[in-house]
Structures are given as structure tokens and as C-alpha cells.
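See below for the structure under consideration.
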Amino acid sequence: MARQSATQTARLAALALAGLALALASPGRPAVAQSFLDSLFGTRSTGTVTPTSAQPGGPSAGGAGGTRDWSGESGSSGHPEMTADAITAAAAQFPACIARLWPDAARRGISRATFDTHTAGLTPELRLMDLMDAQPEFTKAFWDYLDLLVSDARIKRGREVVAQNAATFAAVEKAYGVDRYVVAAIWGVESNFGTQIGDRSVVRSTATLACVGRRQAYFRDEFLSTLEILQRGDVIPDHLKGSWAGAFGPTQFMPTSFKRYAVDFDGDGRRDVVDSRPDMIASTANNLKKDGWEAGKTWGYEVVLPQGFDFLLADSSRWHTMQEWARLGVTRPGGKGFPRPADKAYLLVPAGSGGPAFLMLKNFRVIMKYNPAEAYAMAIGHLADRMRGEGPIVQAWPRHERVLTSAERYELQTHLVRRGFDIGGEPNGRINAKSRSAIKRWQSTVGLVPDGFATASLLDRLRSR
Ligand code: CA
Numbered sequence: 007m008a009r010q011s012a013t014q015t016a017r018l019a020a021l022a023l024a025g026l027a028l029a030l031a032s033p034g035r036p037a038v039a040q041s042f043l044d045s046l047f048g049t050r051s052t053g054t055v056t057p058t059s060a061q062p063g064g065p066s067a068g069g070a071g072g073t074r075d076w077s078g079e080s081g082s083s084g085h086p087e088m089t090a091d092a093i094t095a096a097a098a099q100f101p102a103c104i105a106r107l108w109p110d111a112a113r114r115g116i117s118r119a120t121f122d123t124h125t126a127g128l129t130p131e132l133r134l135m136d137l138m139d140a141q142p143e144f145t146k147a148f149w150d151y152l153d154l155l156v157s158d159a160r161i162k163r164g165r166e167v168v169a170q171n172a173a174t175f176a177a178v179e180k181a182y183g184v185d186r187y188v189v190a191a192i193w194g195v196e197s198n199f200g201t202q203i204g205d206r207s208v209v210r211s212t213a214t215l216a217c218v219g220r221r222q223a224y225f226r227d228e229f230l231s232t233l234e235i236l237q238r239g240d241v242i243p244d245h246l247k248g249s250w251a252g253a254f255g256p257t258q259f260m261p262t263s264f265k266r267y268a269v270d271f272d273g274d275g276r277r278d279v280v281d282s283r284p285d286m287i288a289s290t291a292n293n294l295k296k297d298g299w300e301a302g303k304t305w306g307y308e309v310v311l312p313q314g315f316d317f318l319l320a321d322s323s324r325w326h327t328m329q330e331w332a333r334l335g336v337t338r339p340g341g342k343g344f345p346r347p348a349d350k351a352y353l354l355v356p357a358g359s360g361g362p363a364f365l366m367l368k369n370f371r372v373i374m375k376y377n378p379a380e381a382y383a384m385a386i387g388h389l390a391d392r393m394r395g396e397g398p399i400v401q402a403w404p405r406h407e408r409v410l411t412s413a414e415r416y417e418l419q420t421h422l423v424r425r426g427f428d429i430g431g432e433p434n435g436r437i438n439a440k441s442r443s444a445i446k447r448w449q450s451t452v453g454l455v456p457d458g459f460a461t462a463s464l465l466d467r468l469r470s471r
């Protein structure tokens, strides 16, 4: 989904990586659901077209929403608006809540006819309360995540769609300066090239979330923005379907992101990111451009670290020029050089000292604005490179390492806190940058390589001392 914004909202999809459950969830960001990604990893059901998901749930298709109803249980977030009683009470007030949004809608230029057409008889889909509050328990190792998203099939299909849309991609590259393979990779990862875009009504999902649950203020804007899209006639109303959070189209635009980034590239007067490939491709490129994409530059390089390398340098806050990294003995596999020695990058070692290392440039952080997870951005960048004809990652992943469970990550944090290391808060089972930093400092004190990688053996050692 195209997201990110001035509001610094961050997608909730907590991609858990090799036990490093990335703390993606910035509190203000809605769980901008990724239909395809979520279905792939089972982090939450998004109602996408997958065998295990709910059927399209119209108001008559099963009460609260399709074949799978709301669990009726209080949410796991502990938020007062997520208790079963609060959800039931808010649902009873749903028609009145929607009616109260009319003045805001009118101020946005939405006509009474449009408002009535899309809200008459609308019911909340309470199943979303389970989805928005789901704790992503399913964790994937970084390498498993890449294997799934950068598969041979997806590389092949990506090359096909780039070839089939060559003229459009060329025009978009010229207009926005964004690499066609990166846009194609987002298309491939977000929706498997448009085959899995989600089947929930964006109006119903955003209306539900605007009136029920713990993110109503955020989703009021999404709901009203959805009505604006319908008022303008940018997208065919029946095609405005998507993930449970309202992300729609092949590259999963949220309604507010649509407003910010969508462009009419085919010149028919409509910004149709669902049914017009030129509009969809150009809008996605425009999103990246507005987020700071540097034309003609890559996102990053796989690098080899010298023996005895100081892993404390692998830190997203430590940016150095490629020349400086080279001076520290960092090289590219196969002896390739760094074409732009003055460009700055930070070192990412996603699976510890026993795995590959990468130097990440500005464009990597731009991809992370689309979805704030290093594994996501890595998958996009690597898939793009592979479509372009470059080879796989050369260095081996530590595939023998087991991914820590949520309980084990919690325990690991608890041990660190007891030893006086700051993990940036209370133990929560999410190994974020602060926790990784605490791991590194503890590793340093006991003579281990300070790579911040949370492994089972590391937990064992913390337990025994
Ligand atoms: Ca158009």
C-alpha cells in the first residue's frame, strides 16, 4: 500500500524477522493491511482472494461480515475501544456515526447524492476488529521472507509485465526518474502483479474502522477520502475493493495516499490506479519520487566484511560514504567496486555476523516509506535487481538458526533488562532497534561478536548466566 506521509504513519504489519520482530507499528499508523503479504505470511487475514480467507461479505452475506463473523471477543490490544462491549456499543451507533460525518463530507465537496448512495444501508463489518487487533504471531526468518517474495516465478512474471508495459515504464521513468524494476517489484510484492488485491469494499471497511475500534480518527480521513474518490469518479465504484484496512489496487494505495500521490498518466481525466496500468504505474512512481527517490541510483549493495570487523558499525544511524566503507575493508562480492564513492550508506546485517551484509543507500529508506520494514524494502530492491538480470545474494544465510518465538523474544528482553540494558521500554516480544542495540552491548560485555542477532543460542547463554 502506498502510505507514509506527513503524519508519519507507519504500517502495522509487524514483519517478524529471524526473531527480530521489527517494531513497525508506529502508533499513529493504521494497520494498513497488505492483502497479499498478509495472506502469504499469515500474519493476519485480510480477506483477500485466498482459499483460507473470508468470502466477500456484503451486508447480507453473514451478519457482521461474510462467512467469518467477528469473534465477539475483546481485542488483545487492551485499548478501551477494543473491548467486546465497546465494539458492540459502537456498532449499534454505526448509522448515527456515519450520519454525523456528513458535514465533513460536504466540506470536502462530496454531494449528498454520493454520500447517500454509498452509505445507505451500510453496516459495519465487525470482523475487522479481530483483524486490526491481531497480534502477528507468525514470524519468518529474513531469508524465508526473501525466498518467498523473490521466487523464480515472481522474477519471471515480473520480467513479463515489464516487457508487456515497456512503453509505459519508459514514459514513467522519463517523467518521474524512478526505476521501472522497483515499481514492478512493488506491484509484484503488494498484490502478486494484481492477482491478489483484496475483495473487501473500501467504503465498508473504512466506514467500519471510522466508527468502531481504536483508530477511528485515522480512518475517518480514510473513509472521507474514499468518498472523495467516488465523487470524482476516479475509480469504478465496484472496483474500489481491497484489504481490510482499505488499501486498494495492484500497488495497494490507501485512500489518503491516493489523494497525495495518484496521477492521471493516460490522460483520460481520471486517476484510476485500479484499472489503468499507466495510472497505476505512474502513481506508484510518483509516490516514490515524492518520498525522495534519487533518480539513476540503486537502493543498496551486498557487501563482504573483513575478518575482525567491528559490528557496532552496523547501525542504521551510522551513515558513511562508500569510500569510507571501502577504507574499513568493506568490499562487494566478485571485486566489483562502488560506482559512486561519495554516496552515503548504512550497513545492515540482518542475520548477524554469520550471514550476508548490505550497504543501504538513500533509496532503500525511500522504499521503507512505502512499508517501514527492512525485510520488505530488501525484498523490493532484490526482486528489482533480479528482474533486471542480476544474480542472487552470494553469501549464505544462517539457515540453521531457529526463529525465536514471541515468548522467547519476550524472555530475551527480560534477561537484558534484568542485566541493566535499556531496550527502550518494557519487554514486549518485539526486538526493535533499541533491543538490538541492547543485545549488541551485552554481547560486547561477554566477548561475543556484537551483531545484535537474537538467536536461540544467545537466549540460552542469557538464561545460564
Ligand atoms: Ca487516467
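The sequence shown maps to residues 7 to 471 in our numbering. Note that the Cβ used here is the ideal one computed from N, Cα and C, for glycine as well.
Cβ-Cβ separation, residue j to residue i (assumed contact under 8 angstroms), whole Å
{"i": "Ile242", "j": "Asp281", "result": "7 angstroms"}
{"i": "Gln261", "j": "Gly273", "result": "Here the sequence assigns Pro to residue 261, which means Gln is not the residue at that position. Incorrect: roughly 23 angstroms between the Cβ atoms, too far for contact."}
{"i": "Leu365", "j": "Val455", "result": "Contact doesn't hold; Cβ gap of about 19 angstroms is too wide."}
{"i": "Lys492", "j": "Glu300", "result": "The first residue shown for the chain is 7 and the last is 471, placing residue 492 beyond what the model contains."}
{"i": "Leu389", "j": "Val156", "result": "5 angstroms"}
{"i": "Trp76", "j": "Met135", "result": "6 angstroms"}
{"i": "Gly361", "j": "Gln313", "result": "Going by Cβ atoms, the distance from Gly361 to Gln313 rounds to 16 angstroms, so no, they are not a contact pair."}
Unbroken alpha helix (DSSP H) run spanning residue i, endpoints
{"i": "Tyr350", "result": "The sequence as given places Lys at residue 350; Tyr does not occur at that position. Looking at the DSSP string, Lys350 is not in any alpha helix (DSSP H); the run it does join, the beta strand (DSSP E), is Lys350 to Leu354."}
{"i": "Ile104", "result": "Phe100 to Arg106"}
{"i": "Gln170", "result": "Asp158 to Gln170"}
{"i": "Met260", "result": "No alpha helix (DSSP H) holds Met260; DSSP gives it neither H nor E."}
{"i": "Ile445", "result": "Ala439 to Thr451"}
{"i": "Arg424", "result": "Ser412 to Arg424"}
{"i": "Pro378", "result": "Segment: none, Pro378 is in no alpha helix (DSSP H) and carries neither H nor E."}
{"i": "Asn292", "result": "Arg283 to Lys296"}
{"i": "Gly194", "result": "Arg186 to Ser197"}
{"i": "Leu128", "result": "That residue, Leu128, is in no alpha helix (DSSP H); it is neither H nor E in DSSP."}
{"i": "Trp250", "result": "That residue, Trp250, is in no alpha helix (DSSP H); it is neither H nor E in DSSP."}
{"i": "Trp149", "result": "Phe148 to Leu155"}
{"i": "Arg210", "result": "Val208 to Cys217"}
{"i": "Leu236", "result": "Gln222 to Arg238"}
{"i": "Asp466", "result": "Ala462 to Ser470"}
{"i": "Arg333", "result": "Met328 to Arg333"}
From the options, residue whose alpha carbon lies closest to that of residue i
{"i": "Asp244", "options": "Arg210, Arg133, Ser231 and Ser263", "result": "Arg210"}
{"i": "Arg226", "options": "Pro109, Ala402, Phe344 and Pro347", "result": "Pro109"}
{"i": "Val355", "options": "Asp278, Gly397, Val336 and Asp349", "result": "Val336"}
{"i": "Ala332", "options": "Arg266, Pro347 and His406", "result": "Pro347"}
{"i": "Arg74", "options": "Arg106, Glu131 and Ala96", "result": "Glu131"}
{"i": "Ala90", "options": "Ala268, Ala112 and Val218", "result": "Val218"}
{"i": "Glu166", "options": "His85, Tyr187, Tyr151 and Glu179", "result": "Tyr187"}
{"i": "Gln202", "options": "Arg238, Ser231, Val208 and Gln258", "result": "Gln258"}
{"i": "Ala444", "options": "Arg392, Gln313 and Arg425", "result": "Arg425"}
{"i": "Arg118", "options": "Glu380, Asp278, Trp250 and Gln237", "result": "Gln237"}
{"i": "Arg133", "options": "Ser441, Thr212 and Phe175", "result": "Thr212"}
{"i": "Ala173", "options": "Gly194, Ile116 and Pro284", "result": "Pro284"}
{"i": "Ile235", "options": "Gly358, Ala460, Arg114 and Trp325", "result": "Arg114"}
{"i": "Ala105", "options": "Leu230, Asp139 and Leu410", "result": "Leu230"}
{"i": "Asp239", "options": "Val208, Thr451, Arg276 and Glu414", "result": "Strictly speaking, residue 239 in this sequence is Gly, with Asp absent from that position. Measuring from the Cα of Gly239, the nearest candidate turns out to be Arg276."}
{"i": "Ala460", "options": "Ile287, Leu410 and Gly343", "result": "Leu410"}
{"i": "Trp448", "options": "Thr420, Trp149 and Thr327", "result": "Thr420"}
{"i": "Ala462", "options": "Ala147, His326 and Met374", "result": "Ala147"}
{"i": "Met384", "options": "Asp428, Thr304, Gly431 and Lys440", "result": "Thr304"}
{"i": "Ile287", "options": "Trp325, Ala357, Leu353 and Glu179", "result": "Glu179"}
Ligand 1 heavy atom lying under 6 angstroms from the CB of residue i
{"i": "Arg276", "result": "yes"}
{"i": "Asp281", "result": "no"}
{"i": "Asp150", "result": "no"}
{"i": "Asp285", "result": "yes"}
{"i": "Asp272", "result": "yes"}
Beta strand (DSSP E) segment containing residue i, residue limits
{"i": "Gly365", "result": "Looking at the sequence provided, one finds Leu at residue 365 rather than Gly. Where Leu365 is concerned, the enclosing beta strand (DSSP E) stretches over Ala363 to Met366."}
{"i": "Val309", "result": "Gly306 to Val309"}
Contact test: residue i Cβ vs ligand 3 heavy atom, cutoff 6 angstroms
{"i": "Asp316", "result": "By its list of ligands, the structure shown excludes ligand 3, since it contains just ligand 1."}
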